[in-house]
Every structure is written in structure tokens, then in C-alpha cells.
Amino acid sequence: MLTLTLQEKFIYSEVAILAWGASVQRANLYNQDIQPEDRDPENLDRDTFRRRVLGFIEDSLLTNYKTECSEADHVANIQRLVAFGTANGAKLLGPDGYKFGVAQKLLNLLLKYLWCLGHVAEPPHCPVDSLVLAKTTLRGRLNWTEITTAEKYNQAIDAIRVVAAKRSLAQWELEFYRRR
2 MLTLTLQEKF
12 IYSEVAILAW
22 GASVQRANLY
32 NQDIQPEDRD
42 PENLDRDTFR
52 RRVLGFIEDS
62 LLTNYKTECS
72 EADHVANIQR
82 LVAFGTANGA
92 KLLGPDGYKF
102 GVAQKLLNLL
112 LKYLWCLGHV
122 AEPPHCPVDS
132 LVLAKTTLRG
142 RLNWTEITTA
152 EKYNQAIDAI
162 RVVAAKRSLA
172 QWELEFYRRR
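Using this note's numbering, the first residue of the sequence shown is number 2, and each one after it goes up by one.
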């Protein structure tokens, strides 16, 4: 867990909500056929699920990024997040559970925000999304919301690395990305 002032905790909660929203929009993450009576009492709603997943990141993953985190450890952290989300999402999620693409977008975007705020070291990867993939040879061939394995994710990272050339992925994406 990061040590933050009251003001920093406020900013953290805001960027966590932004990262969450970006990770689930257009992702088709939730089971569309779920009926209220079918809900698991432990996973009553999307807000509870979001709080649990963000809590897991804060309590179990963020300390790995105070200093430089290796790519292998980062991918393992995404896999831990996928496992946690899938286990805690139960009937709330669609058939693919908590998708790797959604988990990486959440963690990578949250790390990007925290890095820019000076709370973590430079992340090993950037958030992989349609804008980033459109700059690669995977344009139109791979949708980030459909990434369900570390292998597909690593394929995307390798393609981004080619475009980023000599820059780190995080630096390249920061230069490339502009919200309009």
C-alpha cells in the first residue's frame, strides 16, 4: 500500500475511478443475462466488485511498483489481478471472467496516473487499448477487450515495442496519447 496524505488519497481515489471506467467501457465484461435472483450474495453488484478489485490492487499490487518492476513480475501481477477478479466476480461477469485485457488496462492506466503523480516508478508497460493498438501491425487484428491470455497480451506488447523504438513503452505512450 502506498503512504499518501489525505489530499493524495483523494486524488488516488479519483484516478482509480477514471482508470476503472476506462477499463470496463466497451469491454462487455458483465454477464448480460444475469437476473437479480441469480446474483451470488457475495457479489451483489458492480460497485461491490469494483471496490474489491481496486482494494486488491491497492493492498496487494501497488507496493511492487514503488521501485522498478520487471516485465515478468508485471505480467504476473496482471495474472494475479485476473485470478482475483474472476474469483470475486462469480456470476456477475461474462463467460470469460475478468478478462486479461480489462485487467491490464486497469492496472496499466492506474500505474500511468500514479507514475505521472510521482508515487510509483515508471511502469514497465503502457495501457493497451484500441488507440495504442491502431499504431501497430495489430491494427484491426486484435481487440484489447478480447485479450484473455498473457500470450496475447505479450503479442500486443511486442508490437507496441516496435513502434516505440528506443523509448520505453510508458514514455512512448505518454508522448503519443492526448485526450481531446
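A virtual CB, placed ideally from N, CA and C, is assigned to each residue, including glycine. Note that this is a predicted model, so its numbers are computed, not measured.
Endpoints, the alpha helix (DSSP H) within which residue i is located
i      : result
LEU63  : Unbroken run through LEU63: none, as it is neither H nor E.
TYR13  : 7 to 25
ARG131 : Checking the sequence shown, residue 131 turns out to be Ser, not Arg. From DSSP, the alpha helix (DSSP H) with SER131 extends over 131 to 134.
ASP46  : First-last for ASP46: undefined, no H or E at that position.
ALA28  : Note, ALA28: premise wrong, no alpha helix (DSSP H); not H, not E.
ALA171 : 170 to 177
Reference residue i; option with closest CA among the options
i      : options                           : result
VAL163 : THR149, GLU59, LEU134 and GLY56   : LEU134
ASP97  : VAL16, TYR31 and ALA171           : TYR31
THR146 : ALA28, GLU15 and VAL121           : ALA28
ALA104 : ASN78, SER169 and PHE11           : ASN78
ALA160 : ARG179, ASP130 and THR149         : ASP130
LYS100 : ARG81, ILE148 and GLY119          : ILE148
SER71  : GLY22, HIS126 and LEU107          : HIS126
LEU115 : ALA165, LYS67, SER61 and GLY102   : LYS67
GLY102 : TRP173, TYR154 and GLU59          : TYR154
LEU112 : ALA17, ARG168 and GLY141          : ALA17
ALA171 : GLN156, THR150, ARG179 and ASN109 : ASN109
THR87  : ASP74, ARG53 and GLY119           : ARG53
Same chain, Cβ closer than 6 Å to residue i, five either side skipped, listed in chain order
i      : result
LEU63  : LEU3
PHE57  : PHE85
VAL83  : TYR99, PHE101 and ALA104
TYR178 : none
Residues near residue i in its chain [Cβ-Cβ closer than 8 Å; skip 5 each side]
i     : result
GLY95 : ASN29, LEU30, TYR31, ASN32 and GLN33
ASN44 : Unreliable positioning characterises ASN44 in this predicted model, as indicated by a pLDDT of 49, which lies under 50. The coordinate reading is nonetheless provided below. Within the same chain, ASN44 has close Cβ partners PHE50, ASN89, GLY90, ALA91, LYS92 and LEU93.
7 Å Cβ shell around residue i - same chain, five flanking residues per side excluded
i      : result
ARG140 : LEU134
ASN65  : ASP74 and ASN78
Considering only residues of the stretch 90 to 151, which uninterrupted beta strand (DSSP E) runs meet the minimum length of 3 residues and lie entirely inside it, listed in chain order? none
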